[in-house]
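Written below as structure tokens is the structure these notes are about.
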Amino acid sequence: QVHVVESGGGLVQPGGSLRLSCAASGSTFGTTAMGWYRQAPGKQRLFVASITSVGRTTYTDSVKGRFTISRDNAQNTVYLQMNSLKPEDTAVYYCNKATFPLYSWGQGTQVTVSS
Numbered sequence: 002q003v004h005v006v007e008s009g010g011g012l013v014q015p016g017g018s019l020r021l022s023c024a025a026s027g028s029t030f031g032t033t034a035m036g037w038y039r040q041a042p043g044k045q046r047l048f049v050a051s052i053t054s055v056g057r058t059t060y061t062d063s064v065k066g067r068f069t070i071s072r073d074n075a076q077n078t079v080y081l082q083m084n085s086l087k088p089e090d091t092a093v094y095y096c097n098k099a100t101f102p103l104y105s106w107g108q109g110t111q112v113t114v115s116s
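FYI, in the numbering used here the residues of the sequence shown are 2 to 116.
Structure (structure tokens):
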């Protein structure tokens, strides 16, 4: 069973930046497309960004030009660089596979954008 652990969240002012990390166990990470998702209070968990094993990326429209997903296969880690953060980016951020079947969800990391 693959486990993921997200980290790097926190409280940031509007316009600020954060870099999230997701460490995954398992030997198949390097061949697995990975994604970031987020869940705002009282709302569904939604897709944010994904990256294939060879680095092809996809973003939801609301984060294009502000967020960058990347990966380090040697470290079994996926990153999400978030710039120009807005209050509407406030959510718990999770990483998981980008395709079904998904891994079990991790704890996520809280991102709060507020002045």
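Glycine included, each C-beta is placed from N, C-alpha and C at the ideal position.
Q.
Does Thr91 come out as helix, strand or coil in the three-state DSSP assignment?
A. coil
Q | Where Thr32 sits in the DSSP three-state scheme | A | helix
**Q.** Spatial neighbours of Gln111 in its chain, beta-carbon cut-off 6 Å, leaving aside the 5 residues before and after
**A.** Gly10 and Val93
Q: For the beta strand (DSSP E) holding Arg20, just list the boundary residues, first then last.
A: Leu19 to Ala25
Q: Helix, strand or coil for Asn97, going by three-state DSSP, please let me know.
A: strand
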